[in-house]
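Reading through the structure tokens given below for one structure.
In our numbering, the protein residues as written are 1 to 256.
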């Protein structure tokens with residue numbers, strides 16, 4: 001039996017990777033969930049495995065997952081799993097490499113253990129509250145750039161729409177990756193200065209990556225500068241800004 005929640009998340013994420021890899025670049029059914037995007041056979045198969053495995057090991061924990069119907073029982077649980085079975089489903093369906101399994105445990109609204117695993121890229125990001133963040137077992141640290149101008153920012157084009165910014169969008173170099181969890185992990189490992197989305201965002205997209213960023217020495221907040229709370233009634237956070245302390249603060253100041 002895994003000794004800690006973090007060990008359990010890592011072990012189970014690797015099992016999820018084995019299941020998803022059987023479908024990747026193969027024939028599988030895909031359904032359209034409308035505004036929520038596509039869902040594949042692999043998403044559902046991974047979700048079933050994770051739910052059965054994790055709740056069997058921690059039967060008193062609550063459950064929040066993109067592919068599981070929500071129930072109010074989770075709201076009374078002290079600890080809850082927050083899971084995205086496959087983060088970056090469009091990339092997965094297209095046979096691309098940038099998709100991840102995103103697994104977190106939150107206690108009283110705060111994430112305490114997190115794993116983001118990219119099977120094809122061979123990258124495992126882990127973090128536990130107060131214990132730092134790692135990539136494939138090696139400690140990682142976020143960049144601490146001393147000015148916003150020229151910073152590298154992971155964001156969709158919509159995130160830099162002029163309507164969101166006082167005095168116009170900041171002078172940054174925009175990049176994009178399909179998996180939201182991976183975007184946060186890339187900030188944590190120091191490959192980019194910041195990541196940003198200004199739209200309401202599902203908790204399963206954010207939870208694991210948020211702890212990994214925080215434990216790497218950067219800051220994560222919603223678009224109003226508040227630390228995100230998890231296992232909420234809506235299961236959403238009001239946008240996400242993640243980055244080194246100066247860049248994060250400057251992005252907040254510039255928002256309209």
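Positions of the beta carbon are idealized from the N, C-alpha and C atoms, including for glycine.
The structure presented is a predicted model; accordingly, all values stated were derived computationally and were not measured.
Selected residue, minimal CA-CA separation from residue i, among the options
i           : options           : result
residue 48  : 36, 185, 84       : 84
residue 121 : 113, 206, 14      : 14
residue 25  : 248, 93, 194      : 93
residue 46  : 254, 12, 128      : 12
residue 170 : 238, 115, 90, 254 : 254
residue 61  : 74, 240, 28       : 74
residue 97  : 117, 110, 79      : 117
residue 177 : 34, 168, 218, 197 : 197
residue 109 : 91, 129, 101, 158 : 129
residue 80  : 59, 95, 89, 100   : 59
residue 213 : 182, 18, 233, 238 : 182
residue 101 : 159, 20, 63, 78   : 20
residue 141 : 219, 111, 65      : 219
residue 88  : 37, 240, 146, 236 : 37
residue 57  : 63, 240, 8        : 8
residue 124 : 3, 246, 16        : 16
Chain B within 8 Å of residue i, Cβ atoms only
i           : result
residue 129 : Looking at the structure shown, chain B is missing, and only one protein chain is on hand.
Cβ distance (whole Å) where residue i is taken to contact residue j below 8 Å
i           : j           : result
residue 207 : residue 180 : The pair is not a contact, with the Cβ atoms about 11 Å apart (cut-off 8 Å).
residue 126 : residue 10  : 6 Å
residue 203 : residue 82  : 5 Å
residue 133 : residue 5   : With a Cβ gap of about 15 Å, residue 133 and residue 5 do not count as contacting.
residue 51  : residue 68  : 6 Å
residue 244 : residue 144 : 4 Å
residue 256 : residue 228 : Not really, about 21 Å apart at Cβ, beyond 8 Å.
Residue i, DSSP secondary structure in three states
i           : result
residue 125 : strand
residue 100 : strand
residue 20  : helix
residue 160 : helix
residue 310 : Residue 310 lies beyond the range of the chain shown here (1 to 256); nothing can be said about it.
residue 8   : helix
residue 13  : helix
residue 143 : coil
residue 246 : helix
residue 251 : helix
residue 177 : coil
residue 136 : coil
residue 153 : strand
residue 172 : coil
inquiry  = Counting beta carbon pairs with one atom in the stretch 104-113 and one in the stretch 184-196, are three or more of them shorter than 8 Å?
reply    = Contact fails between the stretch 184-196 and the stretch 104-113, because fewer than three Cβ pairs, one in each stretch, are under 8 Å apart.
key: Touch test, the stretch 191-200 against the stretch 141-157, Cβ-Cβ under 8 Å, three pairs minimum   = Here the stretch 191-200 lies against the stretch 141-157, with 3 or more beta-carbon pairs under 8 Å apart.
query = Enumerated in chain order, which unbroken segments of the beta strand (DSSP E) with a length of 3 residues or greater are wholly contained in the stretch 22-98?
reply = Uninterrupted beta strand (DSSP E) stretches at least 3 residues long and entirely within the stretch 22-98 occur at 30-32, 38-40, 62-65, 79-87, given in chain order.
request  = Tell me the start and end of each unbroken beta strand (DSSP E) in the stretch 181-234 that is at least 3 residues and wholly inside, in chain order.
outcome  = Here the runs fully enclosed are 194-202, 219-221.
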